[in-house]
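Here is the structure we will look at, set down as structure tokens.
Okay, here's the thing in structure tokens:
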């Protein structure tokens, strides 16, 4: 059965979305939060209503069959899934649509597209599945040297090419979507075990290019640590690194391309480290009096060397919003899993760490505990969340998230400063209070990765500006308080002003020089990370 | 009590070395190995016998008090501790002695020395404690644009400046030697827990610059993973990265400087991730029929997600040479430790993994097992080994090591190819058989880091060439078979021919460009990693 195509506006494939019940529950909650009876409803324009400029370039004959300038393709490759993308999409603004979308069938065609782009002085925008929430795949070329834009969609590079059971590794093409990777690994009883929230609609290459974070809280969860070697097509040729379990030979070549967000080359395939599928599990939810107590429990576990698969905490409001709690306490979603051995000793000690900070288990020990109770409610809400946004923006509801990381000793003050600044910005931008909640997505011995969600009621016609003021205030606050502008969402174009404050100036100079060495014409994803 | 100064030739401080018993036992073993009754003995020249060129530059008045051109300083900063260094040292060849050794007292003086170097077009060679085994600190400027050479010794940057108990991190200056770091952390009940074999005579900055590997076999043992943030003085100014437990904001700035071996800047301090001091330990030695069975046991443990502190294997000959075994079986040195919880569940499962491959524990469960029995014998030999080389070369004994990493599915063939090529090269270069042994120093789920030791009997006057032929053959073999030219010894100048084959050409172009951005005159450690 052929899969339906991806929506040109919204999350997932055509025909998918929130159920009527889910939508109604979400809207009820927002009506109560904002104290309104109804919302001002708008719909996004139909594909046929979207005006596009004439394409400025045409592919050479040899690539014509792998390229399209059809409206659907161009519209569906204009935006990712950030709030700003939705706000411009619902307003019908598609000025930055690519001139051509290329769908190469193999690495040789990727190189051919790069050659064509070089000849045409066209921007080349690597595209996985378009789930960027930071403007990472928008063909925005105003102010650059580029005369046109090509979106390079890697969906046909969709195979697990080779599996090495002994070393537990696989050679995987960059355009494979998450579920297709796991489906191809399952017969080998192996898993990449990398499950970002975007899992269904994101690709291996996108994960590597953006330093994606999986949903596991500790240890081998970041794509950075799962990469064994890379193949990258640059305008000056191919980069191929060695398959090595470890190496100390100079600065890691892989680490230069991991997180390069398409500005240094097009990742075409990687050898990835795999894991055995989990056979043993234990976990459940733990209640804490408040978020800061829960954070201290997390710190104890993170510093104990136990490495839980999950160790997230939700503040009381976020627990309430996701159905995981009644709003009176903070919730920790705690889980251990192993493909090798029972994990009772591990969870037992972790629960002791929780108890030291007043944490009371809701239920524990069940193998499926992570799918039941509060943990299960939260898990379900987590997976469905991306579908909500396209429905909320039609009601002028500004619902967005941002994420960061900070060391433990600054966390409490940091959390307070960022939450306060964001709440104030919501009042200032929209004229009424909203809500800011927090959870942890990842935890390290030296600090957590706090993930903030905010909700505000905006006004159609003014959404982009209202959101921008809130986003700016939140970003300013977290940079001023010592955090990172992104822990796993990447920089793209939207985080540039704050990334520019965060990264050392001489590192930017070095990165710019490195880019010129592999992309002398400045064609690759201009505007992302650095200006040429 | 003032510490004695470091030897100008040999390992450690003046007056330290092998005991007569240790030396006699080692020589007995070599007599049996090579079938000789006596060795042709030579001594290294005394300091006063070493001829040095006149210094080509003089420091500016403001730096004069922090600089020296005394013979001891210049001689002691000419070489590291590679075989080639010893071979040239014993022959009295000190053509590459630095003109001046600078001992800055703080970061401002480091910057002042860099400014002076820029004005004088002098090479600037960052120097920690001089334990490089790859020619990483030799002021070799022939063929470069540099007109003189300054060795920049960071020994006065020797403080743990700040300790953050909550996040378990410390701000540490780059020039602190290993024992001084631990001594300063001990009152806080914290440890960096990074113990390379060179621990006593190497520094934090050197570890970071060379991607040092600690002696723990798994997980947080590489310096790469322990760095939270860096300060680096470059000729164009200071680089300061943010203290973050994790970040996904572009390619990691830290990872560009980690492993940069002094070519991008002088690391002056770092925030480092610490750990609680271990309170719980279990371990001991496990015997296996042969090395390959032991390797399969290691693979099982590495893929089980148990993360032992130690999980090294020694082949039968290496076990015999170090006193850990009788030569009839391979030995695994296995240990778990934790600052938080008993580790019985962990060691219990690891021993099951061993048993699956025929591994029989010698003794286990004792808290001090790692200091007793075969494990203890090996540990002692490991710590004393560096002192042996200065005594062996005087007898024309070529004893050296090299290390690499490879994925599991290629390991057995790789091991055979490298061992065979090295043995053949020994016969070809010296006219008689020698010995090549192997152990693992680090293990990963996807492969081990094999560490080879070789022993050959050379001839005074020809040692450098004989060693070079063996080293080249071994390096060619491991590169041809897919390994890395170094897992944790670094590239320096000696590994360049094989590193040049290993790293992608376009990565070298990017690194070269990055270097020009921060070191436009090409002053920093010329010849290391890349040519300007």
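Chains as they are written, first to last, in this note's numbering: chain A, 811 to 1342; chain B, 811 to 1342. The beta carbon of each residue, even a glycine, is placed where N, CA and C say it ideally should be.
- Residue 1308 of chain B and residue 933 of chain A have their C-alpha atoms some 36 angstroms from each other.
- Every unbroken stretch of the alpha helix (DSSP H) spanning 4 or more residues and falling wholly within the segment 812-891 of chain A is given here in chain order: 830-844, 871-874, 881-886.
- Residue 829 of chain A sits exposed, since fewer than 16 C-beta atoms from the chains shown fall within 10 Å of its C-beta.
- In this structure, the CA atom of residue 1059 of chain B is about 13 angstroms from the CA atom of residue 1259 of chain A.
- At a beta-carbon threshold of 7 angstroms, none of the residues of chain B lie near residue 1261 of chain A; the nearest stands roughly 12 angstroms away.
- For residue 1098 of chain B, DSSP records a beta bridge to B:1140.
- Between the C-alpha atoms of residue 1281 of chain B and residue 1104 of chain B there is a straight-line separation of about 27 angstroms.
- Here residue 1240 of chain A is buried: its Cβ has 16 or more other Cβ atoms, across all protein chains shown, within 10 Å.
- Annotation: residue 1009 of chain B has no Cβ neighbours in chain A at a cutoff of 7 angstroms; minimum Cβ distance is about 16 angstroms.
- Of the residues assessed, residue 971 of chain B falls on the exposed side of the cut-off, its CB having fewer than 16 other CB atoms within 10 angstroms.
- Around the beta carbon of residue 955 of chain B, fewer than 16 other beta carbons lie within 10 angstroms, which makes this residue exposed.
- Taking 9 angstroms as the cut-off, the Cβ atoms of residue 877 of chain B and residue 1027 of chain B do not count as close.
- Distance check between residue 1199 of chain A and each of A:918, A:899, A:981 places A:899 closest, using alpha-carbon atoms only.
- Taking a beta-carbon distance threshold of 9 angstroms, residue 867 of chain B does not count as an interface residue toward chain A.
- For residue 1018 of chain A, the enclosing alpha helix (DSSP H) starts and ends at 1014-1020.
- Using a Cβ-Cβ cut-off of 9 angstroms, residue 1078 of chain B does not count as an interface residue toward chain A, since no Cβ of chain A sits closer than that to its own.
- Nearest neighbour of residue 908 of chain A by Cα position, chosen from A:869, A:814, A:1190, A:922, turns out to be A:869.
- Taken in chain order, the whole beta strand (DSSP E) runs of length 3 or more contained in the segment 1027-1093 of chain A are 1037-1044, 1047-1050, 1076-1083.
- Not a single C-beta of chain A is nearer than 9 angstroms to the C-beta of residue 1277 of chain B.
- Distance between residue 856 of chain B and residue 1306 of chain A, taken at the CA atoms: about 60 angstroms.
- As a beta-bridge residue in DSSP terms, residue 961 of chain B pairs with B:911, B:935.
- Below 8 angstroms, too few C-beta pairs join the segment 1262-1278 of chain B and the segment 1294-1302 of chain B to call them touching: fewer than three.
- One thing to note: residue 1097 of chain B has its Cβ no nearer than 9 angstroms to the Cβ of residue 1213 of chain B.
- Rounded to the nearest whole angstrom, the C-alpha separation of residue 1071 of chain A and residue 942 of chain B is 36 angstroms.
- Taking 8 angstroms as the cut-off between beta carbons, the residues of the segment 1086-1105 of chain A near chain B are 1086, in sequence order.
- A Cβ-Cβ distance of about 6 angstroms is found for the pair residue 1038 of chain A and residue 1256 of chain B, placing them in contact under the 8 angstroms criterion.
- In this chain, the alpha helix (DSSP H) harbouring residue 1197 of chain A covers 1183-1202.
- When Cβ-Cβ separations below 9 angstroms define contact, residue 1032 of chain B makes contact with chain A.
- Judged by beta-carbon spacing, residue 1100 of chain B lies within the 9 angstroms limit of residue 1140 of chain B, meaning their Cβ atoms are closer than that value.
- If you draw a straight line from the Cα of residue 879 of chain B to the Cα of residue 860 of chain B, it comes to about 14 angstroms.
- Between residue 1001 of chain B and residue 1218 of chain A a beta carbon distance of about 18 angstroms is seen, past the 8 angstroms cut, so the two are scored as non-contacting.
- Under the Cβ criterion of 9 angstroms, residue 1286 of chain B is not counted among the residues facing chain A.
- Interface criterion not met: the Cβ of residue 1281 of chain A is under 9 angstroms from no Cβ in chain B.
- Taking 8 angstroms as the upper bound for CB-CB distance, residue 939 of chain B and residue 1012 of chain B are in contact here, some 5 angstroms apart.
- Under the three-state reduction of DSSP output, residue 1000 of chain A falls in the strand class.
- The beta-carbon of residue 1265 of chain B is placed no less than 9 angstroms from the nearest beta-carbon of chain A.
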